[in-house]
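Novice: Note that my numbering has the sequence shown beginning at 2, numbered continuously upward.
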Amino acid sequence: MKCFECGGEMINKNDGIVFYKKDKSPVYFEDIPLNECVQCGEKYIDGHVTEKISNILKADKIESERHLVIPIISMAA
Ligand SMILES: [Zn+2]
């Protein structure tokens, strides 16, 4: 498989990505199996994996025993 953006080589890896629910709240998915372009860093996730992710994001309440605490930096002048 070649990168659709730049034609670069793709490598298989597991990576963590933040996705957002409809209410804009973030959910961090870890160990997502994906292909990443070594040249431009474009990530491609298989259809069945994105489907699973969107089903989880659609749920009213996400059950997880682990949560991220992230810093907030205001860039207001
Ligand atoms: Zn690329």
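The C-beta atom is built at its ideal place from N, Cα and C for all residues, glycine as well.
These numbers come from a predicted model, not from an experiment.
What do you get for C38, buried or exposed, if any count of 16 or more other CB atoms within 10 angstroms of its CB means buried?
Specialist: Per the 10 Å Cβ criterion, buried.
Novice: What distance in whole Å lies between the Cβ atoms of I54 and F20, which are believed to be in contact at a cut-off of 8 Å?
Specialist: The Cβ separation is near 6 Å, so the contact holds.
Novice: On the premise that Y29 lies in contact with L58, defined as a C-beta separation below 8 Å, what is that separation, rounded to the nearest angstrom?
Specialist: Incorrect: roughly 12 Å between the Cβ atoms, too far for contact.
Novice: Counting only the same chain and skipping the five closest in sequence on each side, list residues whose C-beta sits under 7 Å from that of E31.
Specialist: So the list reads G17, once near-sequence residues are dropped.
Novice: Among M11, I73, D61, A77, which one has its Cα closest to the Cα of K23?
Specialist: Among M11, I73, D61, A77, the Cα nearest to that of K23 is on D61.
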